[in-house]
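Engineer: Top line first, the protein sequences correspond to chains B and S.
Letter by letter, the first sequence follows residues 4 to 61 of the numbering used here.
Letter by letter, the second sequence follows residues -7 to 310 of the numbering used here.
Each residue gets a CB set at the ideal place from its N, CA and C atoms; glycine is no exception.
What follows is a structure written as C-alpha cells; I'll ask about it next.
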Amino acid sequence: MSPAPQDKKQPPAPFSPEDMARRNRRSVALALVLGGLVLFFFIVTLAKTGPAILNRPL
Amino acid sequence: MSAAFDQITQADDGVALSSTGEARDFFALLKPRVMFLVIVTALGGMVAAPGAVNPVIGFAALLAISVGAGASGCLNMWWDADIDAVMARTAGRPIPAGRILPSEALAFGLTLSVGSVLVLGLVANLLSAAMLAFTIFFYAVVYSMWLKRATPQNIVIGGAAGAFPPMIGEAVVTGDFGLTSIVLFAIIFLWTPPHFWALALVKSGDYARAGIPMLPNVAGPAATRRQIVAYTLVLAPVAVLPALMGFGGLIYLIVSVVTGLAMIGLSLRVLRVTEGEPANKAAYALFGFSILYLFLLFAVLLAENGLGLMWALPKVLG
C-alpha cells in the first residue's frame, strides 16, 4: 500500500452530532411544510371550484 | 461572526457551505410579531370591507398576505445584517448571530415573496397580488435599502409598507379598495412615527453606532418629542373615523376615544419628562401602549364586523 499523498487537501470539518440533529429537525420541518402546502392547494382548489365540480356528465 | 460559525459553514478555502439553523431560526427571519400585526390589520380590512368572501379563500388569502409580510421582513434582515450586528436589540437575530447564512436568508425571502404573491393571485385576484408585491418591494427595497440609511423620515415614508395590509384585505374581498381601507391605512400610517420614535428615543445610542439617521440622532430628542405629540394629536381623531363612517360601532367608538386619549396623555408625558431613567420609562410606556392601541382598534373592528357584536351608530361621514 502506498502512503496517502501529504499535500492532499483535507475535506471540510464534518458536522457534529448536534449539528446533524439540528439539520434533521430542519428537514422534518421542511417536509411538514411541503405536506401542508399539498393539503392547502387541495382544499383551496375545492373551495375555488365549488360543488359544481361534481355536476358533470360521466 | 463567531469562530464556531466559520467552522460550521466554511470549507478549507473559506467558501460557505451551509448553516445549521433550525426551523425556528427561519421562522424568526419572518419577524413573527410583525406578521401577527399584519394578520390582524389585513383581517380588519377584510371584515370591514363592503362584501363577503368564501371563508376558505379568505383564510388562504390571509395566509398568503402574512407570508408575504414575513418574506419582506426576511429580506430586510438579510440586507440589514451588518447594522443588526452592532445594535444590542438586534444582535441576536439569526444572521448576525451566525445561525443562518445571508445567502440562505436571501433565497428564503425571495422564494416566499414570489410564492406568496403567486398564491394570492391564484386564490384571490390580481389586484390584491399586485398590492402585496408592491408592499414587499416597498419594504425591502424602498425602505430597507434606500430610506432607512438615507433620511430621518425613513419610518414615516416606510410606514406605508406596514399600512398596506388592510387595503390588500379589502382588495381580496371586493377586487377593489375604497374609503374604508384608506382610513385604516391612514390609522397605521399615522401610528408608525410615534411608535418607532418612542423606541428610537431610548435606543438612539444603538442607532448612532449603526449609522442610522433616526430622527432623535439627526434633529435631536426635543424635536422628536414634539413630532411624536404632533403625530399622536392627528392619529387619535383619525382613529375614531371608522365609528363615524359606519364600519365601527359603539364599542369601537368608546375604545378608540379612550385609548386615543391615553396615547395623547402618554405622548405628552414623553414631551414633559426629558431627563434620565424617567424619560426612558415614559418613552417605553408610549412604545408598549402604542402596540396595544393598534391591536385593540383592529381587534374591536374584527369583533364588531366579524362576530356580529356591532351596535351600529348613525353614519356621520363617508
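Please report the distance separating the alpha-carbon of F279/S from that of L191/S.
Structural biologist: Reading the second sequence from its first residue, position 287 is the one you call residue 279/S. Reading the second sequence from its first residue, position 199 is the one you call residue 191/S. Rounded to whole angstroms, F279/S to L191/S spans 6 Å at the Cα level.
Engineer: For K23/S, which residues of its own chain have a beta-carbon under 7 Å away from its beta-carbon, when the five flanking residues on both sides are left out?
Structural biologist: The residue given as residue 23/S occupies position 31 in the second sequence. Taken in chain order, the residues that qualify are G62, G65.
Engineer: Alpha carbon to alpha carbon, what distance is there between P213/S and P270/S?
Structural biologist: To locate residue 270/S, count along the second sequence from 1; it is residue 278. To locate residue 213/S, count along the second sequence from 1; it is residue 221. Those two C-alpha atoms are separated by around 14 Å.
Engineer: Using C-beta distances below 6 Å, list every residue in its chain close to F188/S, excluding the 5 sequence neighbours before and after it, in chain order.
Structural biologist: To locate residue 188/S, count along the second sequence from 1; it is residue 196. Closer than 6 Å at Cβ, skipping near neighbours: I147.
Engineer: Buried or exposed: F28/S, going by 16 or more other Cβ atoms within 10 Å of its Cβ?
Structural biologist: For the purposes of this step, residue 28/S is taken as the residue at position 36 of the second sequence. It is exposed - the Cβ of F28/S has fewer than 16 other Cβ atoms within 10 Å.
Engineer: Check the Cβ of F45/B against every Cβ in chain S and list those closer than 9 Å, keeping chain order.
Structural biologist: On the first sequence, residue 45/B is found 42 positions in, with the first residue counted as 1. Chain S residues near F45/B: none, gap ~11 Å exceeds 9 Å.
Engineer: At a Cβ threshold of 8 Å, is A116/S touching chain B?
Structural biologist: Numbered from 1 along the second sequence, position 124 holds the residue referred to as residue 116/S. It does not: the Cβ of A116/S has no partner Cβ on chain B nearer than 8 Å.
Engineer: Given F181/S, which residues of its chain have a CB within under 7 Å of its CB, disregarding the five upstream and five downstream residues?
Structural biologist: In the second sequence, counting from the first residue as 1, residue 181/S sits at position 189. Around F181/S: G151, A152, A155.
Engineer: Would you list, in chain order, the members of the region 99 to 112 of chain S that have their beta-carbon closer than 7 Å to a beta-carbon of chain B?
Structural biologist: If the cut-off is 7 Å between Cβ atoms, the region 99 to 112 of chain S has nothing near chain B.
Engineer: What are the residues of the region 43 to 60 of chain S that lie near chain B, defined by any Cβ-Cβ distance shorter than 7 Å?
Structural biologist: The region 43 to 60 of chain S vs chain B, Cβ under 7 Å: N46, V48, I49, A52.
Engineer: List the endpoints of the continuous alpha helix (DSSP H) containing I180/S.
Structural biologist: Here residue 180/S refers to the residue found at position 188 of the second sequence. Looking at the DSSP string, the run of the alpha helix (DSSP H) that includes I180/S is 171 to 194.
Engineer: In angstroms with no decimal places, state the Cα-to-Cα distance between G161/S and L233/S.
Structural biologist: In the second sequence, the residue the question calls residue 161/S occupies position 169. In the second sequence, the residue the question calls residue 233/S occupies position 241. The straight-line gap from Cα to Cα measures roughly 19 Å.
Engineer: Would you call the CB atoms of T166/S and P47/S closer than 8 Å?
Structural biologist: Here residue 166/S refers to the residue found at position 174 of the second sequence. Here residue 47/S refers to the residue found at position 55 of the second sequence. Going by C-beta atoms, T166/S is not nearer than 8 Å to P47/S.
Engineer: Taking DSSP as the reference, what is the three-state secondary structure of D168/S?
Structural biologist: Taking the second sequence and counting its residues from 1, the one referred to as residue 168/S is at position 176. Correct three-state label for D168/S: coil.
Engineer: For V247/S, I'd like the list of residues in its chain whose CB is within less than 8 Å of its CB, leaving aside the five on either flank, ordered along the chain.
Structural biologist: Here residue 247/S refers to the residue found at position 255 when the second sequence is read from its first residue. Once the five neighbours on either side are set aside, the close Cβ partners of V247/S are L288, L289, V292.
Engineer: With distances taken from CA atoms, which of G300/S, L55/S, L193/S is nearest G107/S?
Structural biologist: As a working mapping, residue 107/S is identified with position 115 in the second sequence. Of the candidates G300/S, L55/S, L193/S, the one whose C-alpha sits nearest the C-alpha of G107/S is L55/S.
Engineer: Determine the chain B residues that contact E296/S at a beta-carbon separation under 9 Å, and present them in chain order.
Structural biologist: Position 304 of the second sequence, counted from the first residue, corresponds to residue 296/S. Within chain B, no residue comes near E296/S; the closest Cβ sits about 26 Å away, beyond 9 Å.
Engineer: Closer than 7 Å by C-beta to V175/S: which residues in its own chain qualify, once you throw out the five before and the five after it? Chain order, please.
Structural biologist: If you number the second sequence from 1, residue 175/S lands on position 183. Same-chain partners within the cutoff: L233, P234, M237.
Engineer: From L124/S to L21/S, what does the alpha carbon distance come to, in whole angstroms?
Structural biologist: Residue numbering aside, residue 124/S sits at position 132 when the second sequence is read from its first letter. Residue numbering aside, residue 21/S sits at position 29 when the second sequence is read from its first letter. If I take the Cα positions, the gap works out to 19 Å.
Engineer: Measuring alpha carbon to alpha carbon, tell me which residue in G50/S, D17/S, V39/S, L110/S is nearest N297/S.
Structural biologist: Counting from one through the second sequence, the residue named residue 297/S turns up at place 305. Ranking G50/S, D17/S, V39/S, L110/S by Cα distance to N297/S puts V39/S first.
Engineer: For E314/S, which residues in chain B fall below 8 Å Cβ to Cβ?
Structural biologist: The structure shown does not extend to residue 314/S, since chain S is modelled only from -7 through 310, so no value can be given for it.
Engineer: Taking V226/S as the reference, give the member of L242/S, L207/S, L253/S with the closest Cα.
Structural biologist: By one-based count along the second sequence, residue 226/S stands at place 234. V226/S has its Cα closest to that of L253/S, out of L242/S, L207/S, L253/S.
Engineer: Please compile the residues from chain S whose C-beta is within a distance smaller than 7 Å of the C-beta of A50/B.
Structural biologist: What you label residue 50/B is simply residue 47 of the first sequence in a count that begins at 1. Result: N46, V48, I49.
Engineer: Using a Cβ-Cβ distance cut-off of 8 Å, determine whether A7/B contacts chain S.
Structural biologist: Start at 1 with the first residue of the first sequence, and residue 7/B comes out as number 4. Any reading at A7/B needs caution, since the residue's pLDDT is 49, under 50, leaving its predicted position unreliable; the model's value is listed next. No, A7/B lies away from the interface with chain S (no Cβ there is under 8 Å from its Cβ).
Engineer: Compute the Euclidean distance between the alpha carbons of E96/S and L33/B, then round it to the nearest angstrom.
Structural biologist: Taking the second sequence and counting its residues from 1, the one referred to as residue 96/S is at position 104. Taking the first sequence and counting its residues from 1, the one referred to as residue 33/B is at position 30. Cα to Cα, E96/S sits roughly 14 Å from L33/B.
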